[in-house]
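Read the structure below first, then the notes.
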Amino acid sequence: MTAHRTWLRAGLLCLLASSASAQSSANAQTYPAGPVKFITPLAAGTATDPAMRIVIDQLGRIWGQQTVLVNQPGAGGAIAARAAATAASDGSTFLMAVASTFAVLPETQPNLPFNVNDFVSIGFVGEVPMVIAASPTFPVNNLTAQPLRRRSGDRPLPQRCARHE
12 MTAHRTWLRA GLLCLLASSA SAQSSANAQT YPAGPVKFIT PLAAGTATDP
62 AMRIVIDQLG RIWGQQTVLV NQPGAGGAIA ARAAATAASD GSTFLMAVAS
112 TFAVLPETQP NLPFNVNDFV SIGFVGEVPM VIAASPTFPV NNLTAQPLRR
162 RSGDRPLPQR CARHE
């Protein structure tokens with residue numbers, strides 16, 4: 012196991028332990044009273060699936076309850092979000108969403124089967140960077156290189172996220 016993974020797991024466990032202890036002191040009643048379901052818009056076996064399973068497994072151990080990850084891929088996350096939005100709001104169902112579910116879908120889909128305002132973020136699990144990769148024989152190494160400029164001018168393509176250099 013690499014040092015990065017070790018630190019990631021240690022950080023996740025500390026975060027989970029601190030949030031669980033804060034939750035238990037804030038509520039006089041025992042939570043959760045039964046199994047807890049986590050719905051994700053990602054397919055089983057995708058890159059983030061093992062990380063989500065580690066997180067919910069640790070929450071289940073802390074809570075002393077069964078936790079289940081339910082993969083409901085499709086429609087850019089709208090299927091999973093709709094399932095979570097229509098579930099009972101008793102804390103027995105959570106949505107483990109990716110940012111695009113709330114950032115991209117409302118901008119690209121005018122008639123979503125859920126309202127983004129029906130959700131509130133209660134925790135941050137991790138970050139999955141995305142890169143644009145090319146063959147090592149491709150003659151450029153960044154998006155601002157001349158062959159990748161717009162055809163109608165000399166401005167580079169827009170870069171809307173952190174830059175990799």
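Residue numbers (my numbering): 12 to 176.
From the three backbone atoms N, C-alpha and C, an ideal C-beta is built for every residue, glycine too.
Computed from a predicted structure; not experimentally measured.
Annotated as distal: Leu106 and Ile67, with beta-carbon spacing of 8 Å or more.
Judged by beta-carbon spacing, Ser132 lies beyond the 8 Å limit of Val47, meaning their Cβ atoms are not closer than that value.
Runs of the alpha helix (DSSP H) lying entirely within the region 47-124 and spanning at least 4 residues, in chain order: 60-74, 89-96, 110-114, 116-119. Assignment of Asn153 by DSSP, reduced to helix, strand and coil, places it in the coil class. The DSSP-derived three-state label of Val136 is coil.
In chain order, Trp74, Gln76, Gly102, Ser103 place their CB closer than 7 Å to the CB of Pro43, counting only its own chain and leaving out the 5 sequence neighbours on each side. Three or more Cβ pairs closer than 8 Å define a contact, and the region 51-67 meets that threshold against the region 89-101. Contact check for Ser111 against Gly137 fails: the beta carbons are separated by 8 Å or more. Taking a C-beta distance under 8 Å as the contact criterion, Asp129 and Ala96 qualify as a contact pair. A Cβ-Cβ contact shorter than 8 Å links Val139 with Ala58. Excluding its 5 nearest sequence neighbours in each direction, Pro117 has C-beta neighbours in its own chain below 7 Å: Leu123, Val127, listed in chain order.
Taken through DSSP and simplified to helix, strand or coil, Asn128 comes out as helix.
Across the structure, Phe149 and Thr41 are spaced so that their CA atoms are roughly 58 Å apart. With 16 or more other CB atoms across the displayed protein chains lying within 10 angstroms of its CB, Phe125 is buried.
Distance from the CA of Pro84 to the CA of Pro147, rounded to the nearest whole angstrom, comes to 33 Å. The alpha-carbon of Ala144 is positioned some 22 Å away from that of Gly56.
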